[in-house]
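If you read the sequences in order, they're chains R and S. Here the first sequence stands for residues 1 to 309, where the numbers follow my numbering. Here the second sequence stands for residues 1 to 389, where the numbers follow my numbering. Here a beta-carbon is modelled for each residue, glycine too, at the ideal position from N, C-alpha and C. Since the structure comes first, as structure tokens, the remarks are kept for the end.
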Amino acid sequence: MQTFETKNRNRHIQEDMIKYALILAATISILTTFGILFSILFEAIEFFKLKSFVYFFTGTEWSPGTVDSKFGALPIFAGTFIITLIAMSVALPIGLGSAIFMSEYATKTQRTILKPLLEVLAGIPTVVYGFFAAITVAPFIVNVCNSIGLEASFNSALASGVVMGIMIIPVISSLSDDVITAVPDSLRKGSLALGMTKSETIKDVVIPSAMPGIISAALLGISKALGETMIVVMAAGLRPNLSWNILEDMTTVTVRIVDSLVGDQAFNSPATLSAFALGLALFVVTLTLNIVSVRMIQKFKEKYKMSSL
Amino acid sequence: MSKEMNPFYDPSLKKRHLKDKLFKYFTISSLSISLIFLAIFLGDMIIKGSSAIQQTYIQVEVSYNEKSKKSYRKAVERKYINLLSRAALREIPMKMKNNPSLMGTKKLVWMLADDQVDMYMKEYYYKIKSRDLKTLKALIGDSRVEKKFNTIFFTHGDSKTPEYSGILSAMVGTILTLIVAMAVAFPIGVATAVYLEEFSSHGKWSQFLEVNINNLAAIPSILFGLLGLAIFINLFGFPRSSALVGGLTLALMTLPIIVVSSRAALRSVPASIRQAGYGLGLTKVQVVKDHVLPLAFPGIMTGSIIGLAQAMGETAPLIIVGMIAFIPDSPSSIMDAATVMPAQIFTWAGMPERAYIERTAAGILVLLTVLISLNALAVILRKKFEVKW
């Protein structure tokens, strides 16, 4: 009698080994996340052993170089906040407008041409945006301001904010485009059948339905703006500046991180360790934003019972 | 029937239609703004970078003798010294050493001009002493000044003299770094995707993995730099500024992109393929290795190329791990100090000399060309091998 027995009796052992190797590979990503968390956390704890935790979040003086160094990060957080605000006020309307045009108005051929073009914006390295902001946009803003009698810094928050906003447009537009397209067509048809105009349908029916997805896109955009480094390193200032004037120079969390780690300081000086304290703040905020953003998208998916988005 | 008689007539209709039009114009204009920006941006880079295609050379008589072997300043007539590139002049004694037959001869040679002369020839802002300018104008009159194709930009590394600096060492550094990054990220990324799609039981553990990979993709890139600094350099003791450290850091950043795209590719392989395999008595590993993976491979490649392009443009984490060192010679191994193209662009952008601006823009054009070709390759691969099941 013929048996269908395999010649390789060790097969199940080999299979198990391969499976464990795959699990091992999958663990790397978890190790990375925890590696980032702990490497930042430990150094940040070292920093807070030397300098006050409360003053870090509430103090307004940042002077790492002096003998009696002070680390009040409030002006740095404020600068980050203002530049992010400028970036979002550019990216949100333009990104959302582009997404609405592409999903609601554009013909199929227009879409196939326009979508990759917008994605080119996302593919441009941030160092290139930084060069553009510093060499072209900042002098342009200074010239315009001079001609209308205002004074602007060459490292103005406005220049880096606007260019950062342009960088974020594709983040907002591509995710918003996906969710708007995913809104069931029956909703649109129902609204149009009731005599609403197209723009009324979009504003009152489509956008509210897609809202969780749009908010999620906006949160992702904010998280991107907070963590963006090259544009601000090249175009924004180094001076912590607590001000509302967007024509002045301001600094951000990422700029200070780069600045304190690029020099030749001793690794255990408070000036160097402050980079990790700032990094920890950045990590916590961006992670929270991302988790909320993912929750929002899940809500949207559940609402329309979609599996792929 | 007149409008007034129509019971469905809405008197505010005109206003509503106007609003409708305005809204449409708003969406069109927002898209146009993004595209106009793209055009302005590319145009600006091309205008600023195109002049770097050419570099100014001056024809002078070089005398190769004992004096010039000792001091390169003696090799050409004194009045030309300030017009010529110091870095190029410095090479003359070297050249004599390598070629002893030159000794005692005089030759008319096209020598690389100083960056200020180059700026003058390209009609930018320049700073040349009036005496030197007179000499230069006389030379131009004799047509002994010429702009030639800028080979130096592609055959030399970084230099403190702008006219003698190029992107070769940064290119080599980029290639080494990306080889390390992909050698680490590709196998781990694909293995993670295979595990999540084919082997995991979709329980709590794989859900945790999934959330984790999602979060990893959203962590700001600069924090990966902090990880590289704290773990690879301080803990493992790998050499600072090396392609090894930079590559490992980039690998961790590229990992989520490869995992997500590979999972999508694996998911697109229909279940019937797997069932046919099992039906013939194949084990799970055999089904995945011989049937599912080959079918998903084009998709995996597309995702990896996109990940590669993204890693190539990344700067911030590499600055943190020290890859902005001054590297005049190409690194020969992954342990050598190296720099990458975006970091080179960053360094040049911070230089005070005007001549570096065109080099920065030219470097950007080279980088963008490579990135766009990579993305185009990904699109072509997808189009060519895409299978509609």
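In the three-state scheme derived from DSSP, where H, G and I count as helix and E and B as strand, S/T360 is classed as helix. Contact of S/L248 with chain R is not assigned, every C-beta pair being separated by 8 angstroms or more. Separation of S/L38 and R/L121 (C-alpha to C-alpha, rounded to the nearest whole angstrom) is 7 angstroms. Restricted to the segment 22 to 98 of chain S, the alpha helix (DSSP H) segments that are unbroken, complete and at least 4 residues in length are 66 to 70, 86 to 98, listed in chain order. Here S/P317 really is in contact with S/S221; their C-beta atoms are around 5 angstroms apart, less than 8 angstroms. Taken in chain order, the members of the segment 221 to 232 of chain R whose beta-carbon sits within less than 9 angstroms of a beta-carbon on chain S are S223, K224, L226, G227, E228, T229, M230. For S/T339, the closest C-alpha among the options S/A230, S/E197, S/K147, S/D158 is that of S/D158. Between S/L227 and R/S274, the C-beta spacing is not below 8 angstroms. Contact between the segment 20 to 34 of chain S and the segment 206 to 215 of chain R is absent: fewer than three C-beta pairs spanning the two stretches fall below 8 angstroms. Membership of R/V284 in the alpha helix (DSSP H) is indicated by the continuous run 270 to 304. Contact annotation for R/A277 against chain S: no contact, minimum CB-CB distance about 11 angstroms [criterion: below 8 angstroms].
Judged by DSSP secondary structure, S/K127 falls outside any alpha helix (DSSP H); it is assigned neither H nor E.
Your pair S/G49 and S/A343 does not check out as a contact, with CB atoms roughly 18 angstroms apart and the cut at 8 angstroms. For the pair S/E314 and S/M253, the CB atoms are nearer than the 8 angstroms cut-off.
Spatial neighbours of S/T192 in its own chain (CB-CB distance under 7 angstroms, excluding positions within 5 residues in sequence) are listed in chain order as V259. Nearest CB-CB separation between S/V387 and chain R: not below the 8 angstroms threshold. Interface annotation, S/D158: not in contact with chain R, CB-CB separation never under 8 angstroms. With a threshold of 8 angstroms between beta carbons, S/H17 makes contact with chain R. Taken through DSSP and simplified to helix, strand or coil, S/A337 comes out as strand.
For R/F81, the closest of R/K299, R/K198, R/S160, R/A182 by C-alpha to C-alpha distance is R/S160. Put simply, of S/V387, S/F385, S/A378 the residue whose alpha carbon is nearest the alpha carbon of R/P116 is S/A378.
The Cβ neighbour count for R/F56, taken over all protein chains shown within 10 Å, is at least 16; the residue is labelled buried.
The closest CA to that of R/S98, considering only R/I168, R/M234, R/V284, is found on R/I168.
Taking the C-beta atoms as reference points, R/I76 is found nearer than 8 angstroms to R/P240. Using a C-beta cut-off of 8 angstroms, the segment 275 to 292 of chain S makes no contact with the segment 85 to 93 of chain R, since fewer than three inter-stretch Cβ pairs fall below that distance. Identification of chain R residues near S/D44 by a Cβ-Cβ cut-off of 8 angstroms yields F132, T136, ordered along the chain. Beta-bridge analysis with DSSP links S/K147 to S/T56.
With contacts defined by Cβ atoms closer than 8 angstroms, S/E210 and S/L196 form a contacting pair. Taking 8 angstroms as the upper bound on Cβ-Cβ separation, chain S lies near residues M234 of the segment 234 to 249 of chain R.
Just measuring C-alpha positions, the residue of R/N143, R/L226, R/S191, R/K299 sitting nearest R/I214 is R/K299. Under the 8 angstroms criterion on CB atoms, S/I257 is classed as non-interfacial with respect to chain R.
Here R/M250 is not near R/I36, since their CB atoms are 8 angstroms or more apart. DSSP places S/L227 inside the alpha helix (DSSP H), whose first and last residues are 221 to 227. Straight-line spacing of the CA atoms in S/L248 and S/I231 works out to 11 angstroms. Within the segment 8 to 28 of chain R, those residues whose Cβ lies closer than 9 angstroms to any Cβ of chain S are, in chain order, R11, H12, Q14, E15, I18, K19, A21, L22, I23, L24, A25, A26, T27, I28. Using a Cβ-Cβ cut-off of 8 angstroms, R/T107 does not count as an interface residue toward chain S, since no Cβ of chain S sits closer than that to its own.
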